[in-house]
Structure formats: C-alpha cells, structure tokens
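What follows is a short report on a single structure.
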C-alpha cells in the first residue's frame with residue numbers, strides 16, 4: 007500500500023488499514039503473497055518531524071465518596087492575626103487542609119472569619135483535581151452537636167472547583183462575621199473552643215500527557 011503521512015502522539019499510538027488486501031487476492035498463489043503457508047510482512051517508516059504535543063487526560067470518578075474532617079481549635083482567642091492550618095487529611099487519594107484566618111482576610115479583613123480548603127500535594131505537578139466541598143462551623147450548643155452550614159455569598163450554591171497541584175485553595179473570606187462568631191447564643195465559640203469541618207468529594211482528575 008502506498009504510504010501516507012500520519013501523526014502519532016500520546017492519544018494516537020497506531021495507524022493502519024482495516025482492509026489491507028482482499029483475502030481472495032492474498033490466497034491466490036500466483037500473486038506470491040502466500041507461499042508454502044509462509045507470508046512476509048514489512049513496514050517502511052520515515053520520520054519527517056518530531057514535535058511535542060501537549061494534552062490532558064481527564065478521568066471522572068464513577069463512584070465518588072465524600073470524606074469529612076473535623077478540626078477542634080482550642081484557645082481560639084489566642085490565635086491572633088495571620089492564619090492557622092489544620093493537620094493534613096485525606097480525600098480522594100489527595101492531601102487537604104483547612105486554612106483559617108481568625109481576623110479575616112481580603113474583603114473579610116477585620117470583621118469576618120475567613121476559611122478556605124487547601125489542596126496540598128508537592129509530589130506531583132500540573133495535576134488538576136475537580137472537587138465538591140462544603141465548609142462548616144459547629145453549633146456546639148445544639149442538640150446532638152448539630153452542624154451549622156454557613157451560606158457564603160462569594161461561593162456558588164454548589165461548591166465545585168478545580169484545584170491545582172502543588173498547592174491551591176478555594177474558600178470564603180467572609181465565612182461568618184466576628185460579631186456572630188462571638189455571640190454566645192450561636193454556639194460557635196464555647197469556652198474559647200471553635201469546631202470547624204470540611205467535607206470533600208473528589209469528582210475527577212486531569213493529568214498532562
């Protein structure tokens with residue numbers, strides 16, 4: 007068969023013909039393709055150019071399971087300015103952290119508690135993780151330790167975002183006002199203890215190829 011130019015890459019590793027030669031012609035001994043039940047095949051390849059093709063491989067989780075992490079913060083009033091990170095916890099084979107700014111940050115500075123979810127994975131680069139998450143603060147005075155889900159106007163109704171390795175974050179600079187946080191009736195701060203929670207569901211992974 008006459009050769010044609012074809013481009014091979016990570017997504018297309020083979021080229022060929024599904025109708026290379028009719029069986030009738032192949033089995034006809036006068037053609038010399040099949041002699042004494044022996045056939046010889048060959049391939050002639052000319053590499054004209056080599057170029058690095060960039061692409062991504064997206065895989066979505068067929069069965070996505072949520073993971074919860076509860077962080078109890080003692081001596082909350084002594085945290086001061088700046089931020090504090092929780093211990094790392096696992097969700098979807100990745101490491102995550104909760105980042106808390108007791109005095110707020112950006113548009114929430116000085117009058118709100120800011121809280122973010124962090125993806126932290128320094129073992130791989132250029133990997134994107136698609137995750138759905140919810141950040142919560144506990145009402146410690148509620149029956150059976152009820153959870154209070156704070157509505158954050160700066161986030162979408164369904165918090166689904168792409169996180170990028172090695173480190174990236176999404177969250178809310180105006181998670182809850184400091185006046186509401188310090189209100190004894192809300193139960194958010196009891197005996198100088200604050201309890202927050204992150205629920206994370208990894209929905210998909212995008213990796214470079």
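In this note's numbering, the protein residues as written are 7 to 215.
All C-beta atoms in this analysis are idealised placements derived from N, C-alpha and C, irrespective of residue type, glycine included.
For residue 21, DSSP assigns no beta-bridge partner whatsoever.
At a Cβ-Cβ threshold of 8 Å, residue 103 and residue 120 do not count as neighbours.
Taking each of 134, 165, 12, 181 in turn and checking the Cα distance to residue 173, the smallest one comes out for 134.
For residue 214, the beta-bridge partners assigned by DSSP are 62.
Contiguous beta strand (DSSP E) elements confined to the stretch 22-101 occur at 62-66, 72-79, 95-97, taking only those with 3 or more residues. Counting along the chain, the unbroken alpha helix (DSSP H) around residue 184 starts and ends at 184-187. For residue 177, the secondary structure class from DSSP, reduced to helix, strand or coil, is strand. Distances from the alpha-carbon of residue 124 to those of 113, 117, 140 put 140 closest. Annotation: the continuous beta strand (DSSP E) that includes residue 140 extends over 134-144.
The beta carbon of residue 193 sits closer than 7 Å to the beta carbons of 145, 146, 147, 148 from its chain, once the five residues preceding and following it are set aside; these are given in chain order. Between residue 189 and residue 83, the CB-CB gap reaches or exceeds 8 Å. When the Cα atoms are used, residue 202 and residue 170 turn out to be separated by approximately 24 Å.
In the displayed model, residue 111 falls within coil according to three-state DSSP, outside both helix and strand.
Going by C-alpha positions, residue 117 is about 33 Å away from residue 100. Beyond the five residues adjoining it in sequence on each side, residue 96 comes within less than 8 Å, by CB distance, of 73, 102 in the same chain, given in chain order.
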